[in-house]
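**Student:** Handing you this structure, nothing more for now.
2 protein chains.
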Amino acid sequence: MATHKKEAFTQKEQDLAAFAKALAHPARIAILKVLAQRNECICGEIVEILPLAQSTVSQHLKELKNAGLINGSVDGPRSCYCINWKAFEKFNQEFSWLFTNLKIKNEKSCC
Amino acid sequence: MATHKKEAFTQKEQDLAAFAKALAHPARIAILKVLAQRNECICGEIVEILPLAQSTVSQHLKELKNAGLINGSVDGPRSCYCINWKAFEKFNQEFSWLFTNLKIKNEKSCC
DNA sequence: ATCTTATATCGCAAATATACGATAAGAAAA
DNA sequence: TTTTCTTATCGTATATTTGCGATATAAGAT
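Heads up: the sequence lines are chains A and B, in that order.
Each residue of the first sequence is one higher than the one before, counting from 1 in my numbering.
Each residue of the second sequence is one higher than the one before, counting from 1001 in my numbering.
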């Protein structure tokens, strides 16, 4: 009946989930890897590397950009993308926040 | 026409994406947070904490377990869950692998 | 002005994910 | 045994994601 009760959770929980969601597809991981390797802004080279149609890649780029994981700017007839490192730093912080109360205290699983 | 072309990507990319996918919902983040705070195996207390139906929580727990993020064992009439820390360690490794070639070299974004 | 090239967006089809109530399954309690 | 309690699973409705071709858009080249 209903779907998505996101509003019932804290902002931090939503933020972290949104970040993870952006990473939750191998194509987007692959895109980030390419961008990380080159650092320099890249565009449709990604289309040639990935086994996906141009429109699909464009869509994944859009999602990554909406999530704030990458920056994009128009460079003449082509688009230029690169990783937003600050966003990843923030993610790491949020991620470690998840486990603040423990992780060091007890590394052992109980079951 | 087609959906999900996962098999076209590397195993590492798929693994990382699968892990992220498990985290890609605020309810599952919330569950992990509860488990991290208590460490001790917990079960239906989670149901009381989360603003979701029991069946929905059970479904999320199943996903987390399938992804390997948590362990679960039956304890009499109730189920006991706890975080699989090793899985998170592995994830951290995979995650940093993503950016091996850079991150240190150049923290600045180009666009 | 027209053509080419590079990207983004639209529209659609198929697959997944999310959520819930109802029901099953299993153990303990009566 | 029957009841109760806890959790998992099934069935179902709806929303979202994924993917592609076709088309729009925008800048440079001819």
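We treat Cβ as the ideally placed atom computed from N, Cα and C, and that holds for glycine.
Please read these numbers as outputs of a predicted model, since none were measured by experiment.
1) Could you confirm whether any beta carbon from chain A is found closer than 8 Å to the beta carbon of residue 1006 of chain B?
2) For residue 78 of chain A, does the count of other Cβ atoms within 10 angstroms reach 16, so buried, or fall short, so exposed?
3) Please identify, using Cβ separations under 7 Å, the residues of the stretch 1009-1021 of chain B that lie next to chain A, in order along the chain.
4) For residue 84 of chain A, which of helix, strand or coil comes out of DSSP?
5) Mind pulling the chain B residues with CB within less than 9 Å of residue 32 of chain A?
6) Check whether chain A comes within 8 Å of residue 1060 of chain B, counting only Cβ atoms and requiring the distance to be less than that.
7) Go ahead and pull the three-state DSSP assignment for residue 1066 of chain B.
8) How far does the alpha helix (DSSP H) with residue 1051 of chain B in it reach, from first residue to last?
9) Suppose the cutoff is 7 Å on Cβ atoms and the five residues either side in sequence are ignored; what does the same chain contact list for residue 112 of chain A look like?
10) Where does the unbroken alpha helix (DSSP H) through residue 1033 of chain B begin, and where does it stop?
11) Let me check understanding here. Comparing Cα to Cα, which of A/20, A/99, A/54, A/71 lies closest to residue 86 of chain A?
12) When the Cα of residue 65 of chain A is compared with those of A/53, A/80, A/4, A/98, which residue comes out closest?
13) Hey, how far is the Cα of residue 1004 of chain B from the Cα of residue 1034 of chain B?
14) So the candidates are B/1050, B/1045, B/1038; which of them puts its Cα closest to the Cα of residue 1026 of chain B?
15) Would you mind working out which of B/1098, B/1097, B/1099, B/1088 sits nearest residue 1068 of chain B, comparing C-alpha positions?
16) Quick check: what's the CA-CA separation for residue 32 of chain A versus residue 61 of chain A?
17) If we define contact as Cβ-Cβ less than 8 Å, is residue 1049 of chain B a contact residue for chain A?
**Tutor:** Taking the structure as given:
1) To locate residue 1006 of chain B, count along the second sequence from 1; it is residue 6. At least one chain A Cβ lies under 8 Å of residue 1006 of chain B.
2) The residue you call residue 78 of chain A lines up with position 78 of the first sequence. That one is exposed.
3) 1009, 1013, 1014, 1016, 1017, 1020, 1021
4) By 1-based counting over the first sequence, the position of residue 84 of chain A is 84. The answer is coil: DSSP assigns residue 84 of chain A none of H, G, I, E or B.
5) Locating residue 32 of chain A in the first sequence gives position 32, counting from the first residue. Those within 9 Å of residue 32 of chain A in chain B are 1098, 1099.
6) For the purposes of this step, residue 1060 of chain B is identified with residue 60 of the second sequence, where counting begins at 1. So, not an interface residue.
7) Here the question's residue 1066 of chain B lines up with position 66 in the second sequence. The answer is helix: DSSP assigns residue 1066 of chain B an H, G or I state.
8) Residue numbering aside, residue 1051 of chain B sits at position 51 when the second sequence is read from its first letter. Taken as a continuous stretch (DSSP letters only), residue 1051 of chain B belongs to no alpha helix (DSSP H), as it is neither H nor E.
9) Not covered by the structure: residue 112 of chain A. The range shown for chain A is 1 to 111.
10) Counted from its first residue, the second sequence places residue 1033 of chain B at position 33. Unbroken alpha helix (DSSP H) run through residue 1033 of chain B: 1026-1038.
11) Position 86 of the first sequence, counting from 1, holds the residue named residue 86 of chain A. Cα-wise, what sits closest to residue 86 of chain A is A/71.
12) Looking up residue 65 of chain A in the first sequence gives position 65. Minimum Cα distance to residue 65 of chain A is reached at A/80.
13) Translated into the one-based positions of the second sequence, residue 1004 of chain B becomes position 4. Translated into the one-based positions of the second sequence, residue 1034 of chain B becomes position 34. Taking the straight line from one Cα to the other gives about 32 Å.
14) Position 26 of the second sequence holds residue 1026 of chain B. Selected option, being the one with the closest Cα: B/1050.
15) Sequence index remark: in the second sequence, residue 1068 of chain B carries index 68 (1-based). Cα-wise, what sits closest to residue 1068 of chain B is B/1088.
16) Working through the first sequence from its first residue, we reach residue 32 of chain A at position 32. Working through the first sequence from its first residue, we reach residue 61 of chain A at position 61. Taking the straight line from one Cα to the other gives about 9 Å.
17) The residue you call residue 1049 of chain B lines up with position 49 of the second sequence. With 8 Å as the cut-off, residue 1049 of chain B does not count as an interface residue toward chain A.
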